Amino acid sequence: MSESGCSELEPYALRVLGDSMEPEFADGSVVIIDPGAVPRDGSFVVVEYAGDVFFRQLVIDGERRFLRPLNAKYGSFELLPPFAIRGGVVQRAGRRRSQRKHYG
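Each step along the sequence shown adds one to the number in this note's numbering, with nothing skipped, and position 1 is 114.
This is the structure:
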């Protein structure tokens with residue numbers, strides 16, 4: 114078994130690529146992901162699905178799960194098993210205080 118510097122449950126930072134989550138998360142912004150965050154309807158999540166990793170807003174409709182971008186030029190899609198929610202956004206980082214925001 115190999116050892117790494119990070120635990121699977123330790124929060125980590127990701128850089129947002131693209132404009133699918135604008136205006137809340139601009140291209141290049143940094144988000145802090147908590148792998149232990151409980152995914153709720155409306156939370157921002159990182160999901161591994163169909164060989165890709167997505168950063169989107171989770172929409173829960175009964176037993177169904179959807180990933181929704183904030184930018185209207187992109188479409189939502191339903192998550193069908195298998196998929197893995199890798200964590201939820203707990204903070205948007207920024208150099209200035211006005212750029213920082215906490216999510217819960």
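The beta-carbon is built from N, C-alpha and C at its ideal position, and this holds for glycine as well.
Predicted model, so just to flag it, every value in this text is computed and none were measured.
Around Asp165, the same chain offers no residue with a beta carbon nearer than 8 Å, after the five sequence neighbours per side are excluded. 8 Å or more divides the Cβ of Pro182 from the Cβ of Arg199. In the three-state reduction of the DSSP assignment, Arg208 falls in the coil class, being assigned neither a helical nor a strand state.
For Asp154, the closest of Val143, Val172, Pro195 and Glu137 by C-alpha to C-alpha distance is Val172. Remark: C-beta atoms of Val151 and Gly141 do not approach each other more closely than 8 Å. Secondary structure note for Tyr187: it is in no beta strand (DSSP E), with a DSSP letter that is neither H nor E. Contact annotation, Glu121 with Pro148: C-beta distance approximately 6 Å; criterion of less than 8 Å satisfied. Of the residues assessed, Ser133 falls on the buried side of the cut-off, its CB having 16 or more other CB atoms within 10 angstroms. For Phe167, the enclosing beta strand (DSSP E) covers residues Asp165 to Asp174. Taken through DSSP and simplified to helix, strand or coil, Gly155 comes out as coil.
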